[in-house]
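Chains as they are written, first to last, in the UniProt record's numbering: chain A, 1 to 402; chain B, 1 to 256.
Positions of the beta carbon are idealized from the N, C-alpha and C atoms, including for glycine.
Since this is a predicted model, take the numbers as computed values, not measurements.
Working notes for the structure below.
Here it is, written out as structure tokens:
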């Protein structure tokens, strides 16, 4: 390693230097070299990096794919790409063309780049120990099949994805068969499909991300041992849009997240042993839709404020094994005589009308009608249709200060 | 229309104790709701129930009683060289102004002070239109039925129908025809009840997130568009105009 550094050369690329194209520089370079690319417009078709180099842009040079090529392909380990604007990659329905595509490799850093109007943004396959930090990815997709994902990762592990902003792609961040990965402080908004989408991606962590106004919110499927903390899910509006869709997620933690103004905050199907704690649900249509296929989940210390419906479920009978305890419900009407901070009578968060809506969606037109309020009151006195077991035995009296 | 009659009816009504109490009760209710609820949209939701329930009830029952009580005054006016249509419309304008004024002071001002958003403005406009509509319906019932007790009974029945029974029937029909695509039909049917129209308009403001769901989106596509809004507004005005028109026609030929 030390020997490598001592031999490392710096090659300058630019109009005023002997080397004017990045392609020439790549041919001249040896492993461990640094390529400094000065500002300019480099439309050189496809650049394939097969040497362990650092490719650094000074004053943000532009690498242009002219809507035909894949601007950068990486086919080796230990590569850094920093400070470029990479734009106009080719589009294809056969191959996944990306602005920067890693064809298996490790220790690759992609930092401080602007990726504009590309098919896929950053594409990793069979990568490990990579860092994707502080990039801005923007695409202008009109339909889902016409644009690729922002950060797409397949069969990779130990990836760090931090501080990126992803706009207008199909999925903002897409992970499939990716493990031990950290996704932090990213902002993913106005993507056509999902802000974040992962499948079969175990042992990953998602912290402090914001997912806003994506076509269908966030969908995560078939995954174990996920941690999602301090994320913000907001303004995911539409019939099939969910703040967070959980399908077959098990043994995971969803903590301290904020769900604001989503049609459905969390949609849970076939998900078991989840710890859903200290989340904030505010102004959602449905805060949580929990299907009867979900078992042994714990919902604790969440706060439900001003949602149209707090909890909806499909199964009325049968024993629910999900535990609701110590949550704050703004619809709770009980009292706290012993002043221990918890209400003395249990709260049933599922209203009769929300059960009706599940079966007859058109009935939504009667919501807040006096007739419906009357039904809901009667049901609270004499429960018959709503699941008797789905209740919070210790509802918080005051909104927890977070 | 005769300014003197309008002025007389309004001053008579503003001195009326019932109107005064009505205004004060509305004011107390809306102020206390907004003081307790720190969230304005929740306040609007609570106030919505009052507006949809109390405003139609008071508007229709009070106007009916007032019209029966002024039957001698009306007979006196008819003996004067005045057009019957003028007398009747002046009475309507007087009553409508008084009820709207009571609503504006009682609910309108607190709402606009505490919740000056689109949802607040929608609520106030809805309340005003409901006042007009139910005064208009009261004009029609009281002119059709000579007997005071029967007239008031009919007014209360009509209120019950619009406030409660209609929704129950709608819910029942909805269960029966749930397998069919009835969403658009539902919008049409809701137009048959001014209280439902007002409720849905406010729903689209305060439960926006839920209304973005599948069926909600259908309602939103209608009520949320400019043309939908204009159609809804015209239908609300028709609800005020049609009973008034029929009552005027009947009053012209009525044997007093």
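Item, Value
"Reduced DSSP secondary structure (H/G/I, E/B, other) of residue 294 of chain A", "coil"
"Exposed unless 16 or more other CB atoms sit within 10 angstroms - verdict on residue 230 of chain B", "exposed"
"Contact with chain B by residue 360 of chain A, beta-carbon distance below 8 Å", "yes"
"8 Å Cβ cutoff, residue 158 of chain B in contact with chain A", "no"
"Where residue 371 of chain A meets chain B, residues with beta-carbon distance less than 9 Å", "163, 164, 165, 166, 167, 168, 170, 171"
"Interface residues of the region 184-196 of chain B facing chain A [CB-CB below 7 Å]", "186, 190"
"Pair within 8 Å by beta-carbon distance, residue 101 of chain A and residue 67 of chain A", "no"
"Where residue 331 of chain A meets chain B, residues with beta-carbon distance less than 7 Å", "The premise fails here: residue 331 of chain A is roughly 10 Å from chain B at the closest Cβ pair, so nothing lies under 7 Å."
"CA-to-CA distance, residue 19 of chain A to residue 29 of chain A, given in whole angstroms", "11 Å"
"Simplified DSSP assignment, three categories, for residue 98 of chain A", "strand"
"Pairwise C-alpha distance: residue 173 of chain A and residue 152 of chain A", "6 Å"
"Bridge-paired residues (DSSP) for residue 189 of chain A", "A:167, A:212"
"Entirely enclosed alpha helix (DSSP H) segments - the region 186-221 of chain B, minimum 4 residues", "194-206, 208-211"
"Pairwise C-alpha distance: residue 74 of chain B and residue 2 of chain B", "13 Å"
"Beta strand (DSSP E) segment containing residue 182 of chain A, residue limits", "182-184"
"Cut-off 6 Å between Cβ atoms - residues of its own chain near residue 185 of chain A, not counting five sequence neighbours on either side", "162, 163, 208"
"Contacting positions in the region 242-272 of chain A - beta carbon closer than 7 Å to chain B", "261, 262, 263"
"Residue 131 of chain B vs residue 90 of chain B beta-carbon contact at 8 Å", "no"
"Closer than 8 Å to chain D by CB, residue 219 of chain A", "Among the protein chains in the structure shown, which are A and B, there is no chain D."
"Residue 334 of chain A versus A:392, A:291, A:183, A:169, residue with shortest Cα-Cα distance", "A:392"
"Chain A within 8 Å of residue 199 of chain B, Cβ atoms only", "yes"
"Residue 175 of chain B: contacting residues in chain A (beta-carbon distance under 7 Å)", "360"
"Test: residue 122 of chain A CB closer than 8 Å to a CB of chain B", "no"
"Members of the region 86-103 of chain B near chain A, C-beta cut-off 7 Å", "none"
"Three-state secondary structure (DSSP) of residue 1 of chain A", "Confidence at residue 1 of chain A is low in this model, with a pLDDT of 41, below 50, so its placement is unreliable and the value that follows should be read with caution. Coil."
"Whole beta strand (DSSP E) elements within the region 108-158 of chain B, 3-residue minimum", "none"
"Cross-chain neighbours of residue 403 of chain A in chain B, by beta carbon under 7 Å", "Examination of residue 403 of chain A is not possible in this model, given that chain A is present from 1 through 402 alone."
"Within chain A, the residues that residue 221 of chain B reaches when beta carbons sit closer than 9 Å", "Simply none; closest approach about 12 Å."
"Within-8 Å CB hit, residue 121 of chain B to chain A", "no"
"Between the CA atoms of residue 231 of chain A and residue 4 of chain A - distance to the nearest angstrom", "Residue placement at residue 4 of chain A is poorly supported in this model, since its pLDDT is 46, which falls under 50; the coordinates are not used for a value here."
"Strand pairing of residue 289 of chain A, partner residues [DSSP]", "A:267, A:312"
"Rounded straight-line distance, which links the Cα of residue 50 of chain B to that of residue 453 of chain A", "Given a span of 1 to 402 for chain A in the structure shown, any question on residue 453 of chain A remains unanswerable."
"Where the beta strand (DSSP E) containing residue 48 of chain A begins and where it ends", "47-49"
"Boundaries of the alpha helix (DSSP H) in which residue 3 of chain B is found, first to last residue", "3-14"
"Other residues of its chain near residue 253 of chain A: CB distance less than 6 Å, five sequence neighbours each side excluded", "227, 275"
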